[in-house]
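Chemist:
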Amino acid sequence: MGKLQRVKIVDRIDITDQLAVFRMNPENPLQFRPGQCATLAVEDGEKFIYRPYSIASAPDEEILEFFIELVEDGQLTPRLWQMRSGDSLWMRTRAMGVFKLDTARKKHYFFATVTGVAPFLSMLRHEQKHRQGNSFKLIHGASHSADFGVYLEQLHALAREGWLEYIPTVSRPTIDIEWKGEKGRVDDVIRKYCDQWGYDDVTFYLCGHPGMVRNGAAILLRTGLAKDRIRQEEYFQQAEE
Ligand SMILES: Cc1cc2nc3c(=O)[nH]c(=O)nc-3n(C[C@H](O)[C@H](O)[C@H](O)COP(=O)(O)OP(=O)(O)OC[C@H]3O[C@@H](n4cnc5c(N)ncnc54)[C@H](O)[C@@H]3O)c2cc1C
Numbered sequence: 004m005g006k007l008q009r010v011k012i013v014d015r016i017d018i019t020d021q022l023a024v025f026r027m028n029p030e031n032p033l034q035f036r037p038g039q040c041a042t043l044a045v046e047d048g049e050k051f052i053y054r055p056y057s058i059a060s061a062p063d064e065e066i067l068e069f070f071i072e073l074v075e076d077g078q079l080t081p082r083l084w085q086m087r088s089g090d091s092l093w094m095r096t097r098a099m100g101v102f103k104l105d106t107a108r109k110k111h112y113f114f115a116t117v118t119g120v121a122p123f124l125s126m127l128r129h130e131q132k133h134r135q136g137n138s139f140k141l142i143h144g145a146s147h148s149a150d151f152g153v154y155l156e157q158l159h160a161l162a163r164e165g166w167l168e169y170i171p172t173v174s175r176p177t178i179d180i181e182w183k184g185e186k187g188r189v190d191d192v193i194r195k196y197c198d199q200w201g202y203d204d205v206t207f208y209l210c211g212h213p214g215m216v217r218n219g220a221a222i223l224l225r226t227g228l229a230k231d232r233i234r235q236e237e238y239f240q241q242a243e244e
């Protein structure tokens with residue numbers, strides 16, 4: 004499981020009431036691969052509450068970045084939401100997870116719901132610094148365009164470099180009248196884009212809401228793709244399961 008170390012919040016950007024970017028400085032640098040998670044922990048009386056969070060920053064950045072959604076009746080996130088820059092919590096000294104870039108292929112299609120973009124941000128930021136000749140497509144879904152926060156412009160800026168195509172899509176456009184981009188949930192538009200982009204020699208990655216991840220994987224499998232071409236990371240279990 005790894006030992007715990009202190010980690011200090013150095014910056015917090017509130018995107019909406021329920022979404023925030025936390026930038027944190029661990030006591031000792033965390034070794035990780037793009038796509039992996041850190042385990043954050045908060046004290047609850049005598050015990051700790053632990054939860055995994057995908058790291059959005061690239062491995063050679065000093066400060067770790069996380070994109071986190073508040074779960075109002077949750078155990079860890081309401082405590083985290085009370086914290087500000089300068090406050091400290093805990094982190095396991097070892098990163099975890101196998102959701103990493105497939106080094107056997109150069110073409111990668113990413114599908115994310117809101118905060119599920121975090122591991123892809125790490126992979127893309129790493130690629131930007133150490134170009135390996137990879138090309139990427141990213142479909143990023145949210146209910147409202149406001150949920151994309153600072154990442155909308157950051158990802159559009161990366162896309163202008165030519166090796167990433169970024170498609171943000173909004174599932175509730177009726178209350179987002181200014182939105183000119185794609186509309187619908189990620190799984191609604193997967194086929195439309197993949198049919199256009201092609202399926203040959205691509206690895207597919209789905210991350211975030213378990214409904215999107217499972218639906219999206221089923222949609223991709225129905226095109227005849229082999230299972231090992233699809234990588235999945237579900238952030239939580241749905242309550243009805
Ligand atoms: C590999 C991995 C990486 C993750 N990375 C991130 C990340 O980058 N950003 C992030 O915000 N979360 C991420 N999560 C989810 C995170 O670990 C917590 O589960 C989440 O923050 C809720 O924690 P909590 O203690 O506040 O709520 P809990 O007490 O754990 O949850 C209470 C209830 O809410 C449900 N629930 C949990 N999360 C959500 C949600 N987002 N929407 C709706 N219902 C939910 C749970 O199933 C549970 O029934 C990741 C999870 C995994 C497994």
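Numbering (the working numbering), first residue to last: 4 to 244. Just so you know, even glycine gets a beta-carbon here, dropped at the ideal spot from N, CA and C.
Suppose only complete runs of 3+ residues qualify. What are the beta strand (DSSP E) ranges in the segment 132-208, listed by chain order?
Modeler: Runs found: 138-145, 167-173.
Chemist: Can you tell me whether DSSP reads P29 as helix, strand or coil?
Modeler: Note: P29 maps to strand in three-state DSSP.
Chemist: Is T106 a contact residue of ligand 1, with contact defined as CB to any heavy atom under 6 Å?
Modeler: Answer for T106: no, Cβ out of range of ligand 1.
Chemist: According to DSSP, is P213 helix, strand or coil?
Modeler: Helix, per DSSP.
Chemist: Can you tell me the Cα-Cα spacing of M99 and G136, whole angstroms?
Modeler: So the alpha carbons of these two residues sit roughly 26 Å apart.
Chemist: Taking 8 Å as the cut-off, does the segment 109-122 touch the segment 136-150 (at least 3 CB pairs, one atom from each stretch)?
Modeler: Yes, the segment 136-150 is in contact with the segment 109-122.
Chemist: Expressed to the nearest angstrom, what Euclidean distance is found between the alpha-carbon atoms of E244 and P176?
Modeler: With a pLDDT of only 49 at E244, under 50, the local geometry of the prediction cannot be trusted, and the value read off the model is given with reservation. Distance between the alpha carbons of E244 and P176: 29 Å.
Chemist: Below 7 Å between beta carbons: does that hold for L22 and D150?
Modeler: Yes, these two residues count as a Cβ contact at 7 Å.
Chemist: How long is the line joining the alpha carbons of R97 and Y56, rounded to whole angstroms?
Modeler: The alpha-carbon atoms of R97 and Y56 are separated by roughly 12 Å.
Chemist: Answer with buried or exposed for Q78, where buried requires no fewer than 16 other C-beta atoms within 10 angstroms of its C-beta.
Modeler: The residue is exposed, with fewer than 16 neighbouring Cβ atoms inside 10 Å.
Chemist: Give, in chain order, every unbroken run of the alpha helix (DSSP H) that is at least 4 residues long and sits entirely within the segment 66-97.
Modeler: Those alpha helix (DSSP H) runs which fall completely within the segment 66-97 and span 4+ residues are 80-84.
Chemist: Are the CB atoms of A41 and I58 within a distance shorter than 7 Å?
Modeler: It is a contact, given that the beta carbons lie within the stated cut-off.
Chemist: Give the single residue among L67, S148, R9, G38 whose Cα lies nearest to the Cα of I18.
Modeler: It is S148.
Chemist: Does V101 pass the burial test, meaning 16 or more other C-beta atoms within 10 Å, or should it be called exposed?
Modeler: With fewer than 16 Cβ atoms within 10 Å of its Cβ, V101 is classed as exposed.
Chemist: Heavy atom of ligand 1 less than 6 Å from the Cβ of A229, yes or no?
Modeler: Checking every heavy atom of ligand 1 against the Cβ of A229, none is found closer than 6 Å.
Chemist: Taking the C-alpha atoms as reference points, what is the distance between P81 and D204?
Modeler: When rounded, the distance between both Cα atoms is 42 Å.
Chemist: Look at the Cβ atom of T206, then the Cβ atom of R232, and state whether they are nearer than 7 Å.
Modeler: A contact, by the Cβ cut-off of 7 Å.
Chemist: In this structure, how does DSSP classify S57 when only helix, strand and coil are distinguished?
Modeler: It is a strand residue.
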